[in-house]
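Trainee: Residue numbers (my numbering), protein chains in the order written: chain C, 2 to 192; chain P, 2 to 192.
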DNA sequence: TTCATTTAATACTATCCAGTACAGAATGAA
DNA sequence: TTCATTCTGTACTGGATAGTATTAAATGAA
C-alpha cells in the first residue's frame with residue numbers, strides 16, 4: 002500500500018560500519034556513507050534517524066557480533082586456559098598486519114573525545130562488562146584446575162587489559178607472530 | 002626593534018594540549034584554543050603554523066615529558082622488576098578515576114581515524130619504540146636475575162601492551178586498586 | 001483507474017570552522 | 001620624533017557538512 006524500500010537496511014549498516022571504522026565518528030561524513038551505500042540522505046534519515054543514532058545502531062551490531070562469537074568459543078569444553086587462548090588467538094588477524102591498522106571500532110569510539118555522549122559510553126561499558134563477565138564465569142568454573150590463590154576475577158580483568166592493549170597497538174601495525182607470543186606469555190598467568 | 006610577543010608560547014601549548022586531549026584533534030576547534038589561551042587566531046598561526054603543526058608540537062611535548070620521566074625512573078638501581086613496577090605504578094593516577102577518563106593523548110590520537118597523517122603516525126610510532134626500547138634495555142641488563150628461558154624482548158613488548166590497555170580502558174573509569182592489582186599480577190611474569 | 005501512503009532524489013539552508021586580509025598598536029633604532 | 005618591523009584584533013572568506021523542504025515516483029487497495 003506504499004512504495005517499498007529500495008535498499009536493505011543491513012547493507013547500509015555494513016557500509017556505515019566500514020566508514021565509521023575507517024574514519025572515526027566525527028570524520029565520517031554522511032555524504033560518504035550515502036555515496037558508498039548508494040542511497041540518498043533523506044532515505045538514510047528516514048531509516049535510521051540522525052548521525053549519532055545511526056552510529057549507535059552500527060556499534061550495537063558490532064558489539065553483538067563479537068559477543069556472540071565470544072560466547073560460542075568460550076562455551077567449548079576443555080581447560081579454561083586453552084579456550085581463552087583460542088578466543089584471544091581469534092583476534093590476531095584483526096590486530097596485526099594491514100587489517101589491524103583500523104583497530105577496534107569500539108575502542109576507537111571510546112577514545113574519541115568528541116563522543117562524550119552518554120549513550121555511546123554506556124554502550125561501550127556494557128559491552129566490556131559483558132565480555133569480562135564471560136571470561137570471569139569461565140575462569141571461575143574451572144577454578145579447581147588452577148594453583149591455590151588463583152584469582153579468577155583479577156585474571157579476567159587482566160585478560161581484558163591485554164586484549165584492549167593488543168587491539169589498540171594494532172593501529173601502528175603489529176606482527177602476528179609477536180601478538181601470538183604475547184598471548185601465549187600472558188596465558189602462563191593461568192596456572 | 003619590533004613589537005614583542007604578549008604571550009608565553011609554552012602557556013599556549015599547555016592550553017592547546019588540554020583542549021586536544023579533552024576533545025580530540027578533530028573536535029578541538031582553534032576558536033576554543035584561542036579563547037582559552039586569550040590570544041587571537043593570527044597570533045596562534047604566526048607562532049605555531051596551522052592546526053596540524055600545532056598539534057604535532059603539542060604531541061612532541063607530551064611524548065618528551067613521558068619519555069624523560071621513564072628514563073629517570075628506569076635508570077634507578079635495583080631489580081628490573083621493582084623499577085618497572087614503580088614505573089607502571091606511576092601511571093595509576095592517570096589511568097584511573099576521574100583524571101583517567103581522558104585517557105592518553107598519544108593513544109587517543111593513534112586511534113583517531115581522521116589522523117592518518119603520516120607525521121602523526123610516525124611520531125607516535127617513534128614514541129612507542131623508544132619507550133619499549135627503554136624497557137627492553139633494562140630487562141636485558143638484569144637478565145641474570147631471571148629464570149632460564151626468560152625473554153626480555155617479548156616481555157618488554159607485553160608490558161607495553163598492558164600499559165596501553167590500562168591507559169585505554171581508563172576511558173571508562175577504572176578503579177585505582179584494580180589497576181594496581183593488574184600491574185602486580187603482570188609483574189609476576191618477570192621472574 | 002484513482003487515491004492514499006510511503007519512499008526517493010534534488011536541491012537547499014544553516015552552521016561551524018580553518019585559515020587570512022587588513023588596519024592599528026607596540027617596540028627599538030636612527 | 002620618525003620609521004621599519006613585528007605583533008594584535010576584528011572581521012571576513014571559503015569550504016565542508018548535518019539536517020530538511022519539496023517535489024516526483026512507486027506501490028497496493030478500492
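Built from N, CA and C at the ideal position, the CB exists for glycine as well.
Alpha carbons only, please: which of P:175, P:54, P:170, P:97 is nearest the one belonging to residue 124 of chain P?
Mentor: P:54
Trainee: Distance, Cα to Cα, residue 89 of chain P vs residue 136 of chain C?
Mentor: Straight-line Cα distance between these residues: approximately 25 Å.
Trainee: Give me, in chain order, the residues of the same chain whose beta-carbon lies closer than 7 Å to that of residue 143 of chain P; leave out the 5 immediate sequence neighbours on both sides.
Mentor: 80, 81
Trainee: If the cut is a Cβ gap below 8 Å, which residues of chain P does residue 115 of chain C touch?
Mentor: 24, 25, 27, 28
Trainee: Have a look at P:110, P:47, P:23, P:70 and flag the residue whose alpha-carbon is nearest the alpha-carbon of residue 57 of chain P.
Mentor: P:110
Trainee: How is the alpha helix (DSSP H) around residue 43 of chain C delimited, first residue to last?
Mentor: Annotation: the continuous alpha helix (DSSP H) that includes residue 43 of chain C extends over 42-49.
Trainee: Are at least three pairs of beta-carbons, each pair with one atom in the segment 9-22 of chain P and one in the segment 138-152 of chain C, less than 8 Å apart?
Mentor: Segments in contact, no.
Trainee: Distance, Cα to Cα, residue 165 of chain P vs residue 108 of chain P?
Mentor: 8 Å
Trainee: The alpha helix (DSSP H) that contains residue 175 of chain P, what's its start and end?
Mentor: DSSP places residue 175 of chain P in no alpha helix (DSSP H); its state is neither H nor E.
Trainee: Between residue 179 of chain P and chain C, is the shortest Cβ-Cβ distance under 9 Å, so that the two count as touching?
Mentor: Residue-level contact by beta carbon holds for residue 179 of chain P and chain C, with a gap shorter than 9 Å.
Trainee: Comparing C-alpha positions only, which one of P:13, P:73, P:65 sits nearest to residue 46 of chain P?
Mentor: Selection P:13, P:73, P:65 evaluated against residue 46 of chain P yields P:13 as nearest (Cα-Cα).
Trainee: Report back the beta-carbon spacing between residue 186 of chain P and residue 68 of chain C to the nearest angstrom; my notes put them in contact at under 8 Å.
Mentor: That pair is no contact at about 25 Å.
Trainee: Would you mind reading off the limits of the alpha helix (DSSP H) that contains residue 54 of chain P?
Mentor: 52-75
Trainee: With 16 as the cutoff for other CB atoms within 10 Å, does residue 141 of chain P come out buried or exposed?
Mentor: exposed
Trainee: Can you name, in chain order, every residue of its own chain whose Cβ lies under 7 Å from the Cβ of residue 94 of chain P, other than the five neighbours on each side?
Mentor: 100
Trainee: How many Å lie between residue 8 of chain P and residue 28 of chain P at the Cα?
Mentor: 25 Å
Trainee: Can the beta-carbon of residue 197 of chain P be found closer than 9 Å to that of residue 133 of chain P?
Mentor: With chain P running from 2 to 192 in the structure shown, residue 197 of chain P is simply not present.
Trainee: Can you find a C-beta in chain C that's less than 9 Å from the C-beta of residue 64 of chain P?
Mentor: no
Trainee: Among P:114, P:102, P:97, which residue has its Cα nearest to the Cα of residue 102 of chain C?
Mentor: P:114
Trainee: Less than 9 Å between CB atoms is the rule here; does residue 31 of chain P satisfy it with respect to chain C?
Mentor: No, no contact with chain C.
Trainee: Figure out for me which residue from P:85, P:3, P:63 has the closest Cα to the Cα of residue 73 of chain P.
Mentor: For residue 73 of chain P, the closest C-alpha among the options P:85, P:3, P:63 is that of P:85.
Trainee: Since residue 21 of chain C and residue 116 of chain C are thought to touch, with beta carbons under 8 Å apart, how far apart are those beta carbons, to the nearest angstrom?
Mentor: Between residue 116 of chain C and residue 21 of chain C the Cβ distance is about 11 Å, and since that is not below 8 Å, they are no contact.
Trainee: Using only CA atoms, which one of C:157, C:83, C:34 lies nearest to residue 138 of chain C?
Mentor: Ranking C:157, C:83, C:34 by Cα distance to residue 138 of chain C puts C:157 first.
Trainee: How many whole angstroms separate the CB atoms of residue 163 of chain P and residue 163 of chain C, which I take to be in contact at a CB cut-off of 8 Å?
Mentor: 6 Å
Trainee: Throw me the rounded Cβ distance for the residue 192 of chain P and residue 147 of chain P pair, which I believe falls under 8 Å.
Mentor: Separation of the CB atoms of residue 192 of chain P and residue 147 of chain P is rounded to 7 Å, and the pair is thereby assigned contact status at 8 Å.
Trainee: Do we get a CB-CB distance below 9 Å when we pair residue 125 of chain C with the residues of chain P?
Mentor: At least one beta carbon of chain P lies nearer than 9 Å to the beta carbon of residue 125 of chain C.
Trainee: Which runs of the alpha helix (DSSP H) spanning at least 4 residues fall entirely within the segment 136-189 of chain P, listed in chain order?
Mentor: Fully enclosed alpha helix (DSSP H) runs of 4 or longer: 153-170, 177-188.
Trainee: Would a C-beta distance cut-off of 9 Å place residue 159 of chain C and residue 183 of chain P closer than the cut-off?
Mentor: yes
Trainee: Please tell me whether residue 42 of chain P and residue 33 of chain P are closer than 9 Å, where the distance is taken between their beta carbons.
Mentor: no
Trainee: According to a CB-to-CB cut-off of less than 8 Å, which residues of the segment 166-191 of chain C neighbour chain P?
Mentor: 166, 167, 169, 170, 172, 173, 179, 182, 183, 186, 187, 189, 190
Trainee: Where does residue 87 of chain C fall in DSSP's three states?
Mentor: helix
Trainee: Using CA coordinates, which residue listed in C:52, C:39, C:44 is at the minimum distance from residue 31 of chain C?
Mentor: C:52
Trainee: Kindly indicate the opening and closing residues of the alpha helix (DSSP H) around residue 112 of chain C.
Mentor: Counted as a single uninterrupted DSSP element, the stretch harbouring residue 112 of chain C is not any alpha helix (DSSP H), since DSSP gives it neither H nor E.
Trainee: Assign residue 28 of chain P to one of three DSSP states: helix, strand, or coil.
Mentor: Three-state DSSP puts residue 28 of chain P in coil, outside helix and strand.
Trainee: For a test of the three-state rule: what should DSSP assign to residue 94 of chain P, helix, strand or coil?
Mentor: Helix.
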